[in-house]
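To keep things clear, I will list the structure first and then write my remarks on it.
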């Protein structure tokens, strides 16, 4: 089995523009590449915009949220990190939260990829 080392779009080839990169992952998010950027959509019903933090550090996007429900005396938390398969223009990352869906737009740097290599397995 060959690991992808050069282009995330090859992961998506033949599957349409809005395809899940992680088909066996969680059902609460979808990550796809469209028009030169990655789009991460996370279902976060019950959270307010001010409950959510989105951060970018060393090639990793982190989404975290905490919501206190005083009526039920409960605190709901969410935390997930995502590593992008291409280099991202981090000055132009943007996010929007509407109707319980967080959309994060991560523009990729054209013709740039994260570096990778095959690792031999010793006997």
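Numbering (the numbering used here), first residue to last: 10 to 132.
Glycine residues also receive a C-beta, built at the ideal position from the N, C-alpha and C atoms.
task: Check residue 112 in the structure and name its three-state DSSP category.
output: For the purposes of this step, residue 112 is taken as residue 103 along the chain shown, with counting starting at 1. Residue 112: strand per DSSP, three-state reduction.
message: According to DSSP, simplified to helix, strand and coil, what is residue 105?
response: Numbered from its first residue, the chain shown carries residue 105 at position 96. Of the three classes helix, strand and coil, the one that applies to residue 105 here is strand, per DSSP.
message: Taking 9 Å as the threshold (C-beta atoms), are residue 56 and residue 95 in contact?
response: Counted from its first residue, the chain shown places residue 95 at position 86. Counted from its first residue, the chain shown places residue 56 at position 47. Result no, Cβ atoms of residue 95 and residue 56 do not sit closer than 9 Å.
message: Can you give me the C-alpha to C-alpha distance between residue 80 and residue 130, rounded to a whole angstrom?
response: On the chain shown, position 71 is the one that residue 80 refers to. On the chain shown, position 121 is the one that residue 130 refers to. In this structure, the alpha-carbon of residue 80 lies about 55 Å from that of residue 130.
query: Who are the near neighbours of residue 31 in its chain, counting only those whose CB is closer than 7 Å to its CB and skipping five residues on each side?
result: For the purposes of this step, residue 31 is taken as residue 22 along the chain shown, with counting starting at 1. Low per-residue confidence applies at residue 31: pLDDT is 39, beneath 50, and the placement is therefore not dependable, though the value from the model is reported in the following sentence. Same-chain partners within the cutoff: 40.
Straight-line Cα distance separating residue 132 from residue 101: Indexing the chain shown from 1 puts residue 101 at position 92. Indexing the chain shown from 1 puts residue 132 at position 123. For residue 101 and residue 132, the gap between their C-alpha atoms comes out near 45 Å.
- prompt: Would you report the Cα separation of residue 120 and residue 45, rounded to the nearest angstrom?
  reply: Here the question's residue 120 lines up with position 111 in the chain shown. Here the question's residue 45 lines up with position 36 in the chain shown. Those two C-alpha atoms are separated by around 10 Å.
field: Residue range of the unbroken beta strand (DSSP E) whose run includes residue 61
entry: Residue numbering aside, residue 61 sits at position 52 when the chain shown is read from its first letter. Per DSSP, residue 61 is one residue of the beta strand (DSSP E) stretching across 61–66.
- request: Take residue 117 and list the residues in its own chain whose beta-carbon comes closer than 8 Å to its own, dropping the five residues that flank it on each side.
  value: Taking the first residue of the chain shown as position 1, residue 117 is located at position 108. Cβ neighbours of residue 117 beyond the five flanking positions: 17, 42, 45, 46, 47, 93, 95, 96, 97 and 98.
message: Closest to residue 52 by C-alpha separation, out of 127, 68, 103 and 72, would be which residue?
response: On the chain shown, position 43 is the one that residue 52 refers to. Ranking 127, 68, 103 and 72 by Cα distance to residue 52 puts 72 first.
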